[in-house]
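Novice: Before I ask anything, here is the structure I am working with.
Residue numbers (the numbering used here): 6 to 502.
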């Protein structure tokens, strides 16, 4: 912080006179820094929000499976609040690298406290209270710009956080805690090394990339969300429900099954990450079959993808597979029997395992995939005595008239007859029709006609609506657009589109 009596603020664009409160603020920041030891100062210097999020994921991997942290779900609001505070402090208080003094202590405290569940939960509880008390600071940026005297409130928020962390550091950085910190760092390093070894050994397909690509296909945040409130899916997602553990989402080509499947995956990933939804722990694993990619079209490729995800969510499972990897022959972990054994154990060892498979019809061994799931889930049938399976399976695919008989006992959702799906297509058509009207200065009647025609001709095919509307929007002139809208040129099906 500058020690002169005047300084130029990049946000205000001029020279501001330092006030008494500014000097108090400077002293508070300097006092906090002076109480840090050299190691802490170095660790905090370049700490970022991503570092804190990584630490949170490590805690969830370690403690989340036991669901022993009551306050874990309250942490997200605190982190969001600290992100906002750090941004406005750097801009409006001209505090260089001010966010590092926020993220550094948070990461350190989470790391050290994670060795004691009660202490960690208490820390999370306090963080939760702070997060709930903080306003949405980014909403008032215009006020900070126009009324510099309001900056004193930002200073107070920031100083309070520094004071809290200063006191917390005194408690958690005692000699015995420092030993624990070293142990924890060594432990985390060992976990990272184990996962790296396992991942390189099993060499799984890039399942995460498929999820990201599918998620980006949603035209807006609410697109595809209707599937989560579908009664059958809602029951399937409910830990306490004794609904059928197997769901089959069927649809014609281009209907949008992959986007809907990704909505379910995203929901479960978020729920697991935040700790919301249930007192029970659960794992989430998924796979996208791709018929044109040999590494993503077989039973083995699916099992490798599932195993890579499952070991990342359970430390004890990771250690077990790591030990197996160390003693395995170079090609042993590409053996179907070996991988199948580990995945089966991993899924059955969790209180609840959600498995989502997209594009079964694109798998060259679809029947074997169904047989494999049947074998591990029928074991549950024999031992549980009811339908409360710990494994819950969601499969999407195109109807081919062959696999349906093998899936006759699955709960089935036909996409073309689902009202939520039609509403999604209609909403997409209306949104795109507005863009077309604005681009070509059309009257509202033509806009409505475009939306209605596309929705009615789509016949449940999201891809049809997407292709037709993107084509209309890409026309270079109003004349060309009108030519495309003529009845004789308007596409009648997916092939024409």
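Each residue gets a CB set at the ideal place from its N, CA and C atoms; glycine is no exception.
All values reported here derive from a predicted model rather than from experimental measurement.
(1) Using only alpha-carbon positions, find the residue among 219, 334, 330 that is nearest to residue 5.
(2) Between the region 395-412 and the region 346-362, do at least 3 Cβ pairs fall closer than 8 Å?
(3) With distances taken from CA atoms, which of 43, 209, 307, 489 is nearest residue 441?
(4) Over the uninterrupted beta strand (DSSP E) stretch that includes residue 417, give me the two end residues.
(5) Measure the C-alpha to C-alpha separation of residue 423 and residue 30 and round it to an integer number of angstroms.
(6) So, are the CB atoms of residue 136 and residue 86 less than 8 Å apart?
(7) Spatial neighbours of residue 118 within its chain, please: CB distance less than 7 Å, with the 5 preceding and 5 following residues excluded, ordered by chain position.
(8) Once DSSP output is grouped into helix, strand and coil, what is the label at residue 255?
(9) Within the present structure, is the beta-carbon of residue 379 separated from the nearest heavy atom of the ligand ADP by less than 7 Å?
(10) Taking a contact to mean a Cβ-Cβ separation below 8 Å, would you say residue 159 touches residue 93 in this structure?
(11) Throw me the rounded Cβ distance for the residue 61 and residue 115 pair, which I believe falls under 8 Å.
(12) Using 8 Å for Cβ pairs, my map puts residue 259 next to residue 467. What's the rounded Cβ distance?
(13) For a quick check, are the C-beta atoms of residue 264 and residue 305 less than 8 Å apart?
(14) For residue 230, does the three-state DSSP call read helix, strand or coil?
(15) For the alpha helix (DSSP H) that residue 162 lies in, which residues bound it at each end?
(16) By a C-beta neighbour count over all protein chains shown, 10 Å radius and 16 as the cutoff for buried, is residue 428 buried or exposed?
(17) Scan the region 442-487 and note each continuous alpha helix (DSSP H) run of 4 residues or more that stays entirely inside, going in chain order.
(18) Express the C-alpha separation of residue 313 and residue 204 in angstroms, rounding to a whole number.
(19) The beta strand (DSSP E) with residue 401 in it runs from where to where?
(20) On the DSSP bridge list, what partners appear for residue 293?
(21) Quick check: the Cα distance between residue 471 and residue 432, rounded to an integer number of angstroms?
(22) Compare the Cα-Cα distances from residue 47 to each of 479, 113, 251, 275 and report the closest residue.
(23) Applying the criterion that 16 or more other CB atoms from any shown protein chain within 10 Å of the CB defines a buried residue, is residue 218 buried or exposed?
(24) In the structure shown, what three-state DSSP assignment does residue 372 receive?
Specialist: Let's see:
(1) Because the chain in this structure spans residues 6 to 502, residue 5 falls outside the shown range and cannot be described.
(2) Enough Cβ pairs lie closer than 8 Å, so yes.
(3) If you number the chain shown from 1, residue 441 lands on position 436. The residue with the shortest Cα to Cα distance from residue 441 is 489.
(4) Stepping through the chain shown from its first residue, residue 417 is reached at position 412. Its beta strand (DSSP E) spans residues 416-419.
(5) Taking the first residue of the chain shown as position 1, residue 423 is located at position 418. Taking the first residue of the chain shown as position 1, residue 30 is located at position 25. Cα to Cα, residue 423 sits roughly 59 Å from residue 30.
(6) One-based indexing of the chain shown puts residue 136 at position 131. One-based indexing of the chain shown puts residue 86 at position 81. Against a cut-off of 8 Å, the Cβ pair of residue 86 and residue 136 comes out as a contact.
(7) Sequence index remark: in the chain shown, residue 118 carries index 113 (1-based). Counting only residues of its own chain and dropping the five nearest sequence neighbours on each side, residue 118 has a CB closer than 7 Å to the CB of 124, 125, 128, 177.
(8) Start at 1 with the first residue of the chain shown, and residue 255 comes out as number 250. Residue 255 falls in the strand class under three-state DSSP.
(9) The ligand ADP is absent from the structure shown, which contains no ligands of any kind.
(10) Here residue 159 refers to the residue found at position 154 when the chain shown is read from its first residue. Here residue 93 refers to the residue found at position 88 when the chain shown is read from its first residue. Yes; because the gap between Cβ atoms is below 8 Å, this pair is in contact.
(11) On the chain shown, position 56 is the one that residue 61 refers to. On the chain shown, position 110 is the one that residue 115 refers to. Contact flag correct, Cβ pair sits at about 7 Å.
(12) Walking along the chain shown from the start, residue 259 turns up at place 254. Walking along the chain shown from the start, residue 467 turns up at place 462. By a beta-carbon distance limit of 8 Å, residue 259 contacts residue 467. Their separation comes to about 7 Å.
(13) The sequence position of residue 264 within the chain shown is 259, counting from 1. The sequence position of residue 305 within the chain shown is 300, counting from 1. Contact: no.
(14) Mapped onto the chain shown, residue 230 falls at position 225. Residue state, collapsed to three classes: coil.
(15) Along the chain shown, read from residue 1 onward, the residue named residue 162 stands at position 157. That run of the alpha helix (DSSP H) goes 156-177.
(16) Start at 1 with the first residue of the chain shown, and residue 428 comes out as number 423. With fewer than 16 other Cβ atoms within 10 Å, it is exposed.
(17) Listed in chain order, the complete alpha helix (DSSP H) runs (minimum 4 residues) inside the region 442-487 are 449-463, 467-478.
(18) Your numbering for residue 204 matches position 199 in the chain shown. Your numbering for residue 313 matches position 308 in the chain shown. Going from the Cα of residue 204 to the Cα of residue 313 covers about 6 Å.
(19) Mapped onto the chain shown, residue 401 falls at position 396. Its beta strand (DSSP E) spans residues 396-403.
(20) Counting from 1 along the chain shown, the entry for residue 293 is found at position 288. As DSSP reads the structure, residue 293 sits in a beta bridge with 363.
(21) Position 466 of the chain shown holds residue 471. Position 427 of the chain shown holds residue 432. Distance between the alpha carbons of residue 471 and residue 432 is about 12 Å.
(22) Your numbering for residue 47 matches position 42 in the chain shown. Nearest C-alpha to residue 47 among 479, 113, 251, 275: 113.
(23) If you number the chain shown from 1, residue 218 lands on position 213. With fewer than 16 other CB atoms across the displayed protein chains lying within 10 angstroms of its CB, residue 218 is exposed.
(24) Mapped onto the chain shown, residue 372 falls at position 367. Note: residue 372 maps to helix in three-state DSSP.
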